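As structure tokens, the structure follows; a few thoughts come after it.
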DNA sequence: AATGTAATGTTATAATATAACATTTATGGA
DNA sequence: TCCATAAATGTTATATTATAACATTACATT
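Residue numbers (the numbering used here), protein chains in the order written: chain W, 731 to 895; chain S, 731 to 895.
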């Protein structure tokens with residue numbers, strides 16, 4: 731059995747994003763219920779905004795959107811919600827972009843590998859055992875104990891280089 | 731023949747850092763000469779400051795140090811020098827820390843994998859073919875063309891967990 | 001209701017990075 | 001040598017990303 735997971739593939743140009751969004755929110759609700767945590771209106775709204783599409787979203791863009799609905803939002807409003815969501819594995823930060831993507835696999839905290847299309851901005855997320863094991867093996871050679879892994883691969887997704895010039 | 735390289739290992743507590751620094755600067759000089767590029771005083775000074783030690787250095791710390799020597803330095807002074815040095819592979823940015831480390835292997839541009847000790851801050855840099863090939867293989871499966879790879883692994887280096895509490 | 005904790009509101013500011021334009025310095029050709 | 005050009009640096013301002021600190025409100029339990 732292959733335990734490698736494609737947590738989130740590149741999405742075809744048109745997919746039912748409403749369903750996609752709904753299932754992410756439902757998963758988050760369930761996760762929080764099971765963990766005895768509160769997915770407050772602000773947190774849920776931020777999560778929805780992160781899930782606007784399959785591209786990394788900027789904190790201040792989330793803030794702008796929050797302000798449209800409700801007046802009293804400031805940077806801490808967003809960053810606190812993002813911190814909560816990150817702690818619960820509902821959102822990941824893409825360090826090389828200072829931006830955030832939703833994750834629909836909150837059950838277990840995991841290390842992810844991100845593939846980011848420079849053209850369309852879409853992100854695919856893997857949780858790949860082979861990669862983890864190889865990094866582990868390499869680290870082991872010089873006695874390094876891994877606590878956290880960041881793997882962010884930039885390039886061109888299939889759609890983009892097939893349709894590209 | 732194993733083409734995997736340890737570009738920069740974790741340094742033992744005491745090593746001859748002056749030599750280390752000098753050889754990095756010499757390599758940079760040579761590289762620029764061969765490429766017909768100018769390692770101007772500012773660029774060299776910034777490179778020296780990046781090489782202060784084997785920890786990632788912050789842009790504004792470099793700026794503070796620059797100011798000590800010479801009055802007229804502003805953020806662009808540092809960022810321009812860092813851009814130049816990054817383009818030449820003399821410096822890498824650690825995205826997850828917003829900080830910069832020196833690289834003594836400018837000859838060929840390469841992808842690097844960084845192992846960063848959370849305790850002592852030291853960074854080791856690999857240019858590991860196995861990792862590159864595995865990422866390549868994984869990407870290939872869904873038609874992704876890799877342009878750039880960021881691999882930043884956080885944890886505890888051998889020294890630190892052996893001497894640790 | 002009283003209490004303690006978690007969440008949010010609010011203001012200010014820190015930290016990181018770039019834009020835009022002026023000036024100076026190097027470089028190669030007339 | 002001198003000029004024209006490009007490259008590098010100076011300078012001011014501002015954009016972007018993120019956190020500190022403290023006040024207030026909402027929630028959960030007794």
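Ideal placement from N, C-alpha and C gives every residue a C-beta, glycine not left out. The structure displayed is predicted, hence computed values, not measured ones.
Proximal residues of chain S, C-beta to C-beta of residue 891 of chain W below 7 Å: 875
Got a sec: is the Cβ-Cβ distance from residue 885 of chain W to anything in chain S below 7 Å? yes
From what residue to what residue does the alpha helix (DSSP H) around residue 757 of chain W run? 747-765
From W:875, W:849 and W:843, residue whose alpha carbon lies closest to that of residue 879 of chain S: W:843
Cβ-Cβ separation, residue 831 of chain W to residue 822 of chain W (assumed contact under 8 Å), whole Å: 6 Å
For the alpha helix (DSSP H) holding residue 814 of chain S, just list the boundary residues, first then last. 805-817
Delimiting residues of the beta strand (DSSP E) encompassing residue 843 of chain W: 843-847
For residue 829 of chain W, is the classification buried or exposed, using 16 other Cβ atoms within 10 angstroms of its Cβ as the cut-off for buried? buried
Output needed in chain order: residues of the region 810-831 of chain S with a Cβ under 8 Å from some Cβ in chain W. 825 and 826
Of the choices W:783, W:810 and W:757, whose alpha-carbon is the least far from that of residue 744 of chain W? W:783
Residue 769 of chain W and residue 759 of chain W - do their beta-carbons sit closer together than 7 Å? yes
Is the beta carbon of residue 855 of chain W sitting closer than 7 Å to the one on residue 836 of chain W? no
Considering Cα atoms alone, identify which of W:778, W:846, W:882 and W:736 is closest to residue 751 of chain W. W:778
Quick one: does residue 741 of chain S have its CB under 7 Å from some CB of chain W? no
So with CB distances below 8 Å, who are the chain S contacts of residue 763 of chain W? Within 8 Å Cβ-Cβ: nothing; residue 763 of chain W doesn't reach chain S, min ~31 Å.
Check this for me: beta carbons of residue 824 of chain S and residue 786 of chain S, under 7 Å apart or not? yes
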